[in-house]
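See below for the structure under consideration.
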Amino acid sequence: MRRTLFIGLFALLSPGFAQAQRQPYRVVFDLTSRDTLEQKAVLRWLREVGTSSPEAQMEVVMYGKGFELVMPERSAYIADVKEAMKNPNVTFKVCAIALRNNNIAQSQLLAGVQTVPDGIYELV
Numbered sequence: 041m042r043r044t045l046f047i048g049l050f051a052l053l054s055p056g057f058a059q060a061q062r063q064p065y066r067v068v069f070d071l072t073s074r075d076t077l078e079q080k081a082v083l084r085w086l087r088e089v090g091t092s093s094p095e096a097q098m099e100v101v102m103y104g105k106g107f108e109l110v111m112p113e114r115s116a117y118i119a120d121v122k123e124a125m126k127n128p129n130v131t132f133k134v135c136a137i138a139l140r141n142n143n144i145a146q147s148q149l150l151a152g153v154q155t156v157p158d159g160i161y162e163l164v
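Sequential numbering from 41 applies to the sequence shown in the numbering used here.
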């Protein structure tokens, strides 16, 4: 009887245990604007997600004019970007097409920022 009760209890609790396992948390933010309020929001989201889920993998993909966030001579938040980049779970990626269309060299970006061939493809 005791064994049957144990097996029944184990069977009932097993699905709950499996559901309690944490899934990997990965989030991608896209930034297409040079609007400083939007840039500030993305940086805030990185901080908030990083605080609530330190293991979260976060990526910021910039295309359009969003790349200005990671340009030291144009960004209003370069210190915040540098701070975010200290987190090994945060990456900043810029669309190579957007750079080419705006005559921007990769060397004009903050060190550590990656480029991807196509920003939209990176999101998908």
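Virtual Cβ for every residue (Gly too), placed ideally from N, Cα, C.
How is residue i classed by DSSP in three states: helix, strand or coil?
i    : result
E95  : coil
V100 : strand
V164 : coil
Q148 : helix
R84  : helix
Q79  : helix
E113 : coil
Kindly list the residues whose CB is nearer than 7 Å to the CB of residue i, restricted to its own chain and excluding five residues on each side of it in sequence; keep chain order.
i   : result
V89 : V67, A96, M98
R62 : none
Locate the alpha helix (DSSP H) running through residue i, then write down its first and last residues.
i    : result
L71  : Premise fails: L71 lies in the beta strand (DSSP E), 66-71, not in any alpha helix (DSSP H).
K122 : 118-125
R140 : 136-141
G152 : That residue, G152, is in no alpha helix (DSSP H); it is neither H nor E in DSSP.
Tell me residue i's beta-bridge partners as DSSP assigns them.
i    : result
F132 : V100
Tell me, to the nearest whole angstrom, how far the beta carbon of residue i is from that of residue j; I am working on the premise that it is less than 8 Å.
i    : j    : result
G159 : Y117 : No, G159 and Y117 are not in contact; Cβ-Cβ is about 19 Å, not under 8 Å.
V121 : V134 : Actually they do not touch by this definition, with Cβ atoms about 12 Å apart.
F132 : V164 : Between V164 and F132 the Cβ distance is about 18 Å, and since that is not below 8 Å, they are no contact.
V156 : A136 : 7 Å
A124 : L77  : With 8 Å as the limit, A124 and L77 do not qualify as a contact, their Cβ atoms being about 17 Å apart.
Spatial neighbours of residue i within its chain, please: CB distance less than 6 Å, with the 5 preceding and 5 following residues excluded, ordered by chain position.
i    : result
R114 : E108
R74  : K105, E108
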